[in-house]
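Residue numbers (the UniProt record's numbering): 1 to 696.
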């Protein structure tokens, strides 16, 4: 075992913070600061600092498990792989290839995401593949594609944020979800810039803002339209920019003018003076940015909502210029790369469209298959999960825990239980893995080499620092072995660099072009921003990468950005007499996503031991609930119970629950699977509920 420090990256959020890992003599791993990485400059949150704890055999899977007489028991790798191959083969033979589903994760490396998409389409021949990143930033991606012709979370590096004049941060609590990033916003204010935070809760991030707007959940679209109305009415549009760099302004302008300030105030609860102050703060500096996150995106109108914020940027000339632009704060560790290379239902590697004949031809040539053999687009994530046990009879799942993370989670759990066959590859025995017929223990971040793409579009090399325990294999090895058992003995290498070389060729010429990126470059540089093309994938490519997009032109055919006219509409589920309160969900600083890994770390559990319901004192008084009393939150989909946390930092008409826990406090038991018509994003962020005191 090596005993020198290996520079690598955190396994959690899309910052992909840099860190150094050194194996210790006692078999543990020592983590140290990596100050040279520009995203975090050595800083780590509690999750990153304690990430090595999940490497321990005390908390992780160490042997394949197979179900025998209703119980998961240890088995050999050969038996486990044979069972999976037989389950998939039998399902395909009896019900057709689309009866086999594949569900991936936004934490998989680019190499694994790429191979999983290839495995589904080449080995299984199924169209039924999607991933949990659909629940992350798909609405922002769809809006970005409509407006700019390209989707990359941030079209500029984080280091530009402190240099701009104003940032509007919509629906993001960075202080808890990405703590190391908060320094960029603190530096913004130190440099004389201003921060506006839009959130129905006065979060730790909102406390740092120069202005906090607390709209009613689900009204971000109306808010953005009201701001654009004022921009027009006050003569703050950039007419030269609109004329030279955009199309579609008149239709978008007409929609905005229908959302006058007093009307928007009634919808959102944000006062007209606050609206006017926001416009002033945003428009007076020479440069400004709008950054969105899950708040406005996880809605059944999320694509239109993000589109409205993009329209605000375009109308004021705040896109495609230095230190200005719209960006999306990607959540999952490889949420960006995970959707670029083929594990999404409608995409091929390089962010190519599965319906594009030329894209199919190019990728099929790299894969050595007939383009006509590639299936068409399949179901989106929730629709795929909803079809389990009916149209989809067998599921291969990698790196996701939908029993906790999916909307209408009790229903999804029932669908998973109704499958004929379920195989799960994971690091730990998650709540979903516990339902499987076969569970495979796979390597994790520090035990394998691979690339990820962070929220800036910066492709990074996450290096292997330690040797995995005996009995653990990589996801690439799993797919190689399954492909071989299912009759495809070539095209599924186990070496990640070999996979990346193929990914380079498959992505060449596509919107997310990685062909000019090599492992050698990534080992020597602090990441390379895509697109990074080359005429032919070469050993020594010279393209510098593209840290900043759109300065010369947008990625549309004519190089102009597109205004997309949008109008406010209600959420899919508005409050009524039976369900009079709004629920919104989110994260806490010491847990991550479904909590499958962080809930196994003692230090993190001590800081955030379980779910809670955050409610305003006036609502608590009506219920007769005191701090810590159990309260029930009930929606049309189910009931969750957790202790009350009473605070005036939330609106009186709203309650908040974090979504990291299973059991009776599972927030996603309540959430609404109503889908955005474009992105197919579920409406996690708002649903109608009632709150009840629980008699003890």
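No residue lacks a Cβ here, since even glycine has one placed at the ideal position from N, Cα and C.
Buried/exposed call for residue i, threshold 16 Cβ in 10 Å
i           : result
residue 11  : buried
residue 490 : exposed
residue 417 : exposed
residue 544 : exposed
residue 570 : exposed
residue 364 : buried
residue 396 : buried
residue 361 : exposed
residue 70  : exposed
residue 671 : buried
residue 699 : Here the chain has residues from 1 to 696 only, and residue 699 is not among them.
residue 390 : exposed
residue 258 : exposed
residue 585 : buried
residue 516 : buried
residue 559 : exposed
Cα-Cα separation between residue i and residue j, rounded to whole angstroms
i           : j           : result
residue 296 : residue 381 : 19 Å
residue 1   : residue 63  : With a pLDDT of only 43 at residue 1, under the threshold of 50, the placement of this residue in the model should not be trusted; the figure read from the coordinates follows. Their backbone Cα atoms lie some 22 Å apart in a straight line.
residue 90  : residue 398 : 20 Å
residue 337 : residue 109 : 8 Å
residue 464 : residue 443 : 10 Å
residue 615 : residue 220 : 21 Å
residue 215 : residue 120 : 42 Å
residue 656 : residue 286 : 37 Å
residue 651 : residue 202 : 9 Å
residue 673 : residue 25  : 49 Å
residue 688 : residue 576 : 8 Å
residue 509 : residue 557 : 15 Å
residue 377 : residue 128 : 8 Å
residue 422 : residue 504 : 32 Å
residue 311 : residue 228 : 8 Å
residue 268 : residue 256 : 15 Å
residue 451 : residue 107 : 11 Å
residue 475 : residue 425 : 7 Å
residue 187 : residue 282 : 17 Å
residue 139 : residue 677 : 10 Å
residue 402 : residue 145 : 27 Å
residue 222 : residue 661 : 32 Å
residue 608 : residue 193 : 33 Å
residue 693 : residue 629 : 8 Å
residue 58  : residue 428 : 10 Å
residue 355 : residue 624 : 56 Å
residue 6   : residue 524 : 13 Å
residue 642 : residue 247 : 50 Å
Beta-ladder partner(s) of residue i, from DSSP
i           : result
residue 683 : 672
residue 241 : Partner(s): none; residue 241 has no beta bridge.
residue 136 : DSSP lists no partner for residue 136.
residue 100 : 394
residue 699 : The question about residue 699 has no answer here: the residues shown for the chain are numbered 1 through 696.
residue 697 : There is simply no residue 697 to check, as the chain begins at 1 and stops at 696 in what is shown.
residue 723 : As shown, the chain starts at 1 and ends at 696. That puts residue 723 outside it, with no answer to give.
residue 334 : Residue 334 is not bridged to any residue.
residue 246 : 561
residue 8   : 19
residue 130 : 103
residue 640 : 633
residue 586 : 658
residue 326 : 290
residue 581 : 689
Interface flag, residue i vs chain D, CB-CB below 8 Å
i           : result
residue 125 : Although the question refers to chain D, the structure presented lacks it and comprises just one protein chain.
Residue i: CB within 7 Å of a non-hydrogen atom of the ligand ZN
i           : result
residue 216 : Absence of the ligand ZN from the depicted structure is noted, as is the absence of any ligand whatsoever, leaving it without description.
With a floor of 4 residues, list each alpha helix (DSSP H) that falls wholly inside the stretch 517-577, ordered by position along the chain. If we require 4 residues or more, the alpha helix (DSSP H) runs fully inside the stretch 517-577 come out as 519-524.
Determine contact between the stretch 96-104 and the stretch 68-77, defined as no fewer than three beta-carbon pairs at a distance below 8 Å. Contact between the stretch 96-104 and the stretch 68-77 is absent, because fewer than three Cβ pairs lie under 8 Å.
At which residue ranges does the stretch 428-468 contain complete beta strand (DSSP E) runs of 3 or more residues, listed in the order of the chain? Entirely contained in the stretch 428-468, the beta strand (DSSP E) runs reaching 3 residues are, in chain order, 438-441, 450-453 and 458-462.
Could you tell me which whole beta strand (DSSP E) segments of length 3 or greater appear in the stretch 152-228? Those beta strand (DSSP E) runs which fall completely within the stretch 152-228 and span 3+ residues are 166-170, 194-198 and 211-213.
Can you check the stretch 336-422 for any alpha helix (DSSP H) of at least 4 residues that lies completely inside it and give the ranges in chain order? Entirely contained in the stretch 336-422, the alpha helix (DSSP H) runs reaching 4 residues are, in chain order, 357-367, 381-386, 402-405 and 409-417.
What ranges does the alpha helix (DSSP H) occupy inside the stretch 68-96, keeping only unbroken runs of at least 4 residues that lie completely in it? Qualifying alpha helix (DSSP H) stretches, in chain order: 77-95.
Ranges of the alpha helix (DSSP H) found wholly within the stretch 275-324, counting only runs of at least 4: Whole alpha helix (DSSP H) segments, 4+ residues: 294-297 and 302-315.
Indicate whether the contact test is met: 3 or more Cβ pairs, each with one atom in the stretch 444-455 and one in the stretch 9-23, closer than 8 Å. Short answer: they touch.
Would you be able to state if there are at least three C-beta pairs under 8 Å between the stretch 582-592 and the stretch 173-188? As far as the Cβ criterion goes, the stretch 173-188 touches the stretch 582-592, which means the pair count is three or higher.
Three or more C-beta pairs below 8 Å linking the stretch 323-332 and the stretch 141-157: Yes, they touch.
Validate contact between the stretch 49-66 and the stretch 592-603 using beta carbons, cut 8 Å, 3 pairs: They touch, by the three-pair rule.
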